[in-house]
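Residue numbers (the working numbering): 36 to 205.
Even glycine gets a Cβ: it sits at the ideal position worked out from N, Cα and C.
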């Protein structure tokens with residue numbers, strides 16, 4: 036790799052992810068390393084609240100005047116808008132109180148919106164219900180984005196279902 040460039044409308048400085056990149060200038064080129072770097076960059080943006088961030092890679096092979104052949108690797112980032120959580124609520128819960136369920140929610144008002152945290156929060160709440168015998172409990176996350184996508188309200192709608200008790204163990 037002769038050069039490695041990251042450009043686009045990126046607001047995160049290169050120092051945020053430079054140590055995580057696998058493709059290194061002066062080392063042999065590997066398309067799988069470049070693909071892994073693109074995934075790493077996108078994931079870092081997603082964790083910072085840029086849910087629609089996309090990174091696209093391209094390579095430019097210099098005229099083979101010498102061996103090894105110099106390659107320029109480029110990653111262009113289109114981060115999109117940053118989405119912040121404006122509110123989180125839980126509805127439909129009766130068996131487990133709001134404070135207990137809210138403690139399971141990873142999303143917090145004022146913090147970046149990270150879709151993976153929605154899924155993790157839902158799973159944690161469903162597990163809490165299953166631990167109490169609500170085997171059919173379902174927690175359905177609902178998101179309502181503002182116009183422009185800069186803010187999001189997240190609601191977790193709980194359907195507890197029947198509680199199951201063990202009658203006897205044989």
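Checklist line | Those runs of the alpha helix (DSSP H) which lie wholly inside the segment 142-190 and span at least 4 residues | finding: If we require 4 residues or more, the alpha helix (DSSP H) runs fully inside the segment 142-190 come out as 150-166.
Next item on the list: Confirm, please, whether the CB-CB distance from residue 124 to residue 180 is below 9 angstroms.
Entry: Their beta carbons are not under 9 angstroms apart, which means residue 180 does not touch residue 124 by this criterion.
Checklist line | Collapsed DSSP secondary structure at residue 65 in the structure displayed | finding: Coil at residue 65, not helix or strand.
Checklist line | Cβ neighbours of residue 72 in the same chain (closer than 7 angstroms, five flanking residues each side left out) | finding: Within the same chain, and ignoring the five residues on either side of residue 72 in sequence, the residues whose Cβ sits closer than 7 angstroms to its Cβ are 56, 57, 58, 110.
Check: So who's on the other strand from residue 41, going by DSSP bridges?
Finding: Answer by DSSP bridge pairing, in chain order: 110.
Note to self: Nearest by alpha-carbon distance to residue 46: which of 94, 112, 104 is it?
What the structure shows: The closest CA to that of residue 46, considering only 94, 112, 104, is found on 112.
Check: Alpha carbon to alpha carbon, what distance is there between residue 169 and residue 198?
Finding: Cα-Cα distance, rounded: 5 angstroms.
Next item on the list: Could you have a look at residue 95 and say whether DSSP puts it in helix, strand or coil?
Entry: Correct three-state label for residue 95: strand.
Check: So what's residue 237 in DSSP terms, helix, strand or just coil?
Finding: The structure shown does not extend to residue 237, since the chain spans only 36 to 205, so no value can be given for it.
Margin query: Give me the DSSP bridge partner(s) of residue 82.
Written below: In the DSSP output, where bridge partners are listed per residue, residue 82 has none listed.
Notebook entry, point to check: Looking at residue 194 and residue 174, is the spacing between their C-beta atoms short of 9 angstroms?
Noted result: At a Cβ-Cβ threshold of 9 angstroms, residue 174 and residue 194 count as neighbours.
Checklist line | Euclidean distance between Cα positions of residue 119 and residue 81 | finding: Approximately 12 angstroms between the Cα atoms of the pair.
Checklist line | Member of 131, 121, 105 whose CA lies at the smallest distance from the CA of residue 63 | finding: The shortest CA-to-CA distance from residue 63 to any of 131, 121, 105 is the one to 105.
Notebook entry, point to check: Quick one: Cα of residue 134 to Cα of residue 202, how far?
Noted result: So the two alpha carbons sit approximately 30 angstroms from each other.
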